[in-house]
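Below is one structure, written out as structure tokens, with a few remarks after it.
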Ligand SMILES: C[S@@+](CC[C@H](N)C(=O)[O-])C[C@H]1O[C@@H](n2cnc3c(N)ncnc32)[C@H](O)[C@@H]1O
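Numbering (the working numbering), first residue to last: 2 to 222.
Next up, the structure:
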């Protein structure tokens, strides 16, 4: 049975500080995935850009750094992640990034709102990635672009850290926190299954590349 939205919030609220800590280390040592994602996204001044499932806000902050006059939004279901993202953005000197609660399966924006969307490590962790892909398509302007990154078969270093964190938290007190590691939908994508979902959502062109321990999709509307 898929994890409930409340379960997702409890889970991600619980792991937010540890994830954020490890994410800062892994993204700095990762010289392939983030540059590839940002080059593919190519953020520009004046654009409206969404970081969907922003977590600690690492992509939103990088985008704001590259395109200082872009309107950057970060949505996430977890209030604790949003607080961390806000704090990280303030520390980096970007207090104009708008972080807000939002579900990637039901994005709280009108159709054709964004020029670009980045989404890293989220689709494989949600019950209905097809719905999220349709939402990306809906909220993108015509000619817009979504750049999506997912672990490749779940074997990447980042995923091992992530699972380690879950086990660590489970060992502390899984029952009181109201979830178990078994609740996490382990839905890792192959290039083929990711392409199927994105083309199924309506994207006209989907280019997929294997980058380090990830697969990255560049989708044009
Ligand atoms: C593995 S983390 C990735 C965070 C960030 N994108 C990064 O690159 O570090 C997954 C994030 O997705 C968020 N998330 C999970 N389900 C979500 C949903 N349905 N809508 C929005 N965010 C969601 C979690 O709270 C968490 O912050």
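Ideal Cβ positions, reconstructed from N, Cα and C, are used throughout, including at glycine.
Relative to ligand 1, is the shortest distance from any of its heavy atoms to the C-beta of residue 9 smaller than 6 Å?
Here the question's residue 9 lines up with position 8 in the chain shown. Because some heavy atom of ligand 1 lies under 6 Å away, the Cβ of residue 9 counts as near it: yes.
At a cut-off of 6 Å, would you count residue 82 as near ligand 1, judging by its Cβ distance to the nearest heavy atom?
Mapped onto the chain shown, residue 82 falls at position 81. Yes, the beta carbon of residue 82 sits closer than 6 Å to at least one heavy atom of ligand 1.
If you follow the beta strand (DSSP E) that residue 51 is part of, which residue opens it and which one closes it?
Looking up residue 51 in the chain shown gives position 50. Counting along the chain, the beta strand (DSSP E) containing residue 51 begins and ends at 49-53.
Heavy atom of ligand 1 within 6 Å of residue 13 beta-carbon:
Taking the chain shown and counting its residues from 1, one reaches residue 13 at position 12. Checking the Cβ of residue 13 against ligand 1 gives yes.
Of the residues 129, 144 and 36, the one placed nearest residue 205, counting alpha carbons only
The sequence position of residue 205 within the chain shown is 204, counting from 1. With distances taken between Cα atoms, residue 205 lies closest to 144.
Neighbourhood of residue 77 by C-beta, 8 Å cutoff - its chain only, sequence neighbours within 5 removed:
Looking up residue 77 in the chain shown gives position 76. 13, 54, 55, 56, 83, 86, 100, 102 and 103, listed in sequence order.
Within a Cβ cutoff of 6 Å, which residues of the same chain sit near residue 73, ignoring the five residues on either side of it in sequence?
Position 72 of the chain shown, counted from the first residue, corresponds to residue 73. So the list reads 50, 61, 64, 65 and 98, once near-sequence residues are dropped.
What span of residues does the beta strand (DSSP E) with residue 215 cover, start to end?
Taking the chain shown and counting its residues from 1, the one referred to as residue 215 is at position 214. Taken as a continuous stretch (DSSP letters only), the beta strand (DSSP E) holding residue 215 covers 215-221.
Where residue 210 falls: helix, strand or coil (DSSP)
Here residue 210 is taken as the residue at index 209 of the chain shown, counted from 1. Reduced to three states, the DSSP call for residue 210 is strand.
Would you check if the region 20-28 and the region 42-49 touch, i.e. whether three or more CB-CB distances between them fall below 8 Å?
no
Rounded straight-line distance, which links the Cα of residue 128 to that of residue 28
Residue numbering aside, residue 28 sits at position 27 when the chain shown is read from its first letter. Residue numbering aside, residue 128 sits at position 127 when the chain shown is read from its first letter. One C-alpha to the other measures close to 26 Å.
Cβ separation of residue 151 and residue 115, assumed to be a contact under 8 Å, to the nearest whole Å:
Walking along the chain shown from the start, residue 151 turns up at place 150. Walking along the chain shown from the start, residue 115 turns up at place 114. With a Cβ gap of about 20 Å, residue 151 and residue 115 do not count as contacting.
Would you say the beta carbon of residue 121 comes nearer than 6 Å to a heavy atom of ligand 1?
Working through the chain shown from its first residue, we reach residue 121 at position 120. Flag set: Cβ of residue 121 near ligand 1.
How about residue 131 and residue 219: do their beta carbons lie closer than 7 Å?
Reading the chain shown from its first residue, position 130 is the one you call residue 131. Reading the chain shown from its first residue, position 218 is the one you call residue 219. Contact flag unset, no.
Using the C-alpha atoms, what's the distance from residue 133 back to residue 120?
Along the chain shown, read from residue 1 onward, the residue named residue 120 stands at position 119. Along the chain shown, read from residue 1 onward, the residue named residue 133 stands at position 132. Cα to Cα, residue 120 sits roughly 10 Å from residue 133.
Using the Cβ count rule (16 or more neighbours within 10 Å means buried), how would you classify residue 91?
Stepping through the chain shown from its first residue, residue 91 is reached at position 90. Result: exposed.
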